[in-house]
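**Student:** In my numbering, the protein residues as written are 35 to 480.
Note that the Cβ used here is the ideal one computed from N, Cα and C, for glycine as well.
Have a look at the structure that comes next, please.
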């Protein structure tokens with residue numbers, strides 16, 4: 035297996051991989067056990083770890099990953115919960131309705147402080163119709179489960195954020211949901227330098243590993259767990275976990291510093307790019323941040339506009355202090371983009387977090403609006419980002435809008451102009467196309 039040969043190299047190797055393989059590479063290295071069930075577009079992650087285990091690949095714990103395919107995602111989550119209680123480091127991979135079937139066990143896993151990472155290729159939920167394509171509707175259903183939520187924007191970032199997720203959960207015991215956009219990132223092929231197993235092994239807090247093993251349920255050391263609590267103590271026990279979440283962003287940053295030291299890659303949990311004195315800023319999460327960033331750079335360098343983009347990576351726990359620190363002090367207007375829809379709500383999840391943050395910080399002078407984009411993998415292009423900035427600059431910006439569609443029912447959509455080329459001069463682009471099932475996709479990925 036060519037992949038196994040690459041992974042086994044001690045010094046790390048450059049490899050052309052997709053987002054699913056980037057996540058699977060780390061999950062295999064830092065887990066004892068995986069329970070899987072296929073669902074597009076997360077299926078390749080389970081397929082790969084299963085194949086590597088069959089090939090006899092030895093991970094950072096000196097063993098093959100134990101991989102079991104269950105009868106459903108609900109079964110995978112239940113088995114994962116049991117494995118974690120038995121002292122194993124477990125993982126799973128899922129998306130969309132499969133993720134929803136895991137939610138009951140997600141509450142138990144976080145409530146019992148069990149270290150775990152779930153890698154999600156974020157995908158639309160079936161509502162008025164089925165959609166196998168990407169947006170954030172599924173992961174946003176999990177924001178109250180008590181799991182940390184970390185977003186990746188690119189294939190390379192998937193590998194590094196997956197690594198941070200596993201390291202943080204090992205040490206703090208707060209489970210982490212690491213997600214990236216289905217198809218747009220999960221199936222994008224890019225050149226990435228793999229973090230080798232020896233380097234990953236050097237990151238592991240072996241005392242934390244030992245502690246997790248000692249906390250495992252064991253008939254030789256019986257103790258009571260999972261009791262039913264009454265009104266006299268339930269509330270207190272829920273609040274008792276607060277300190278573990280309050281300092282979680284600090285731990286993510288500490289692990290990111292170790293990553294930078296070993297790989298040279300640096301990641302801020304809330305990363306700003308654009309004009310240093312921007313007055314108009316877009317806030318976004320996921321692969322759309324790349325499009326927004328490239329467009330903002332074009333507008334700054336070519337049009338001398340004071341605009342910027344704030345890229346959110348850590349969504350839960352939300353860190354208002356770090357968000358505000360990343361926001362330029364000169365900002366006058368903020369537009370928050372969500373890749374999900376919550377019918378009947380005051381606003382989508384990222385928008386409401388940002389609006390509440392600005393309000394509680396006493397920044398009432400900053401105008402904050404929100405919009406939806408990219409549902410069901412709807413195209414999100416630079417000219418759409420331009421229309422978002424134009425709306426933000428207008429005398430009366432639409433406070434809530436959609437972009438990328440023509441909404442002739444509720445008239446929420448922004449007008450989108452001609453194609454905007456933000457690529458550097460001399461860039462060559464190629465399009466490969468073919469008929470469905472004729473092998474074009476597989477041939478191009480090879």
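On the three-state DSSP scale, how would you describe residue 238?
**Tutor:** Position 204 of the chain shown, counted from the start, is the residue given in the question as residue 238. In this structure, residue 238 counts as coil in the three-state DSSP scheme.
**Student:** Hey, residue 341 and residue 309 are a contact pair by Cβ (cut 8 angstroms); roughly how many whole angstroms apart?
**Tutor:** Within the chain shown, numbered from 1, the residue matching residue 341 stands at position 307. Within the chain shown, numbered from 1, the residue matching residue 309 stands at position 275. Indeed, because the Cβ distance is near 6 angstroms, the residues count as touching under 8 angstroms.
**Student:** Contact check, residue 526 vs residue 168 under 8 angstroms by CB: the rounded distance?
**Tutor:** The chain is shown only over 35 to 480; residue 526 falls outside these bounds and no answer can be derived.
**Student:** Would you mind reading off the limits of the beta strand (DSSP E) that contains residue 227?
**Tutor:** Taking the chain shown and counting its residues from 1, one reaches residue 227 at position 193. Looking at the DSSP string, the run of the beta strand (DSSP E) that includes residue 227 is 223–227.
**Student:** May I ask you to report which of helix, strand or coil DSSP gives residue 307?
**Tutor:** Translated into the one-based positions of the chain shown, residue 307 becomes position 273. Residue state, collapsed to three classes: strand.
**Student:** Roughly how many angstroms separate the alpha carbons of residue 124 and residue 398, rounded to a whole number?
**Tutor:** Your numbering for residue 124 matches position 90 in the chain shown. Your numbering for residue 398 matches position 364 in the chain shown. In a straight line, the C-alpha of residue 124 is about 44 angstroms away from that of residue 398.
**Student:** Which residues share a DSSP beta bridge with residue 212?
**Tutor:** Against the chain shown, residue 212 aligns to sequence position 178. Beta-bridge pairing links residue 212 to 153 and 184.
**Student:** According to DSSP, is residue 206 helix, strand or coil?
**Tutor:** To locate residue 206, count along the chain shown from 1; it is residue 172. Residue state, collapsed to three classes: helix.
**Student:** Where residue 452 and residue 410 are concerned, what is the direct C-alpha to C-alpha distance, given to the nearest angstrom?
**Tutor:** Residue 452 sits at position 418 when you count from the first residue of the chain shown. Residue 410 sits at position 376 when you count from the first residue of the chain shown. For residue 452 and residue 410, the distance between alpha carbons rounds to 23 angstroms.
**Student:** What did DSSP end up calling residue 317 once you bin it into helix, strand or coil?
**Tutor:** As a working note, residue 317 is residue 283 in the chain shown. Correct three-state label for residue 317: strand.
**Student:** With H, G and I counted as helix, E and B as strand and the rest as coil, what does DSSP make of residue 399?
**Tutor:** Position 365 of the chain shown, counted from the first residue, corresponds to residue 399. Residue 399: coil per DSSP, three-state reduction.
**Student:** By the DSSP assignment, the beta strand (DSSP E) with residue 100 in it spans what residues?
**Tutor:** Looking up residue 100 in the chain shown gives position 66. Unbroken beta strand (DSSP E) run through residue 100: 100–103.
**Student:** On the three-state DSSP scale, how would you describe residue 35?
**Tutor:** Numbered from its first residue, the chain shown carries residue 35 at position 1. Model confidence at residue 35 stands at a pLDDT of 48, short of 50, so the residue's coordinates are unreliable; what they give is reported in the following sentence. The answer is coil: DSSP assigns residue 35 none of H, G, I, E or B.
**Student:** Answer with buried or exposed for residue 35, where buried requires no fewer than 16 other C-beta atoms within 10 angstroms of its C-beta.
**Tutor:** Numbered from 1 along the chain shown, position 1 holds the residue referred to as residue 35. Interpretation of residue 35 is limited by its pLDDT of 48, a score under 50 that renders its predicted location unreliable; no figure is taken from the coordinates.
**Student:** Take residue 98 as the anchor and find which of 104, 61 and 227 has the nearest alpha-carbon.
**Tutor:** What you label residue 98 is simply residue 64 of the chain shown in a count that begins at 1. Closest by alpha carbon: 61.
**Student:** Could you name each continuous alpha helix (DSSP H) segment of 4 residues or more that falls completely within the region 253–284, going from the start of the chain to the end?
**Tutor:** If we require 4 residues or more, the alpha helix (DSSP H) runs fully inside the region 253–284 come out as 268–273 and 276–280.
**Student:** Straight-line CA distance for residue 238 to residue 416?
**Tutor:** The count along the chain shown starts at 1 and reaches residue 238 at position 204. The count along the chain shown starts at 1 and reaches residue 416 at position 382. Roughly 40 angstroms between the two C-alpha positions.
**Student:** Could you pull the start and end residues of the beta strand (DSSP E) that residue 472 belongs to?
**Tutor:** Start at 1 with the first residue of the chain shown, and residue 472 comes out as number 438. It is not in any beta strand (DSSP E) - residue 472 carries neither H nor E in the DSSP assignment.
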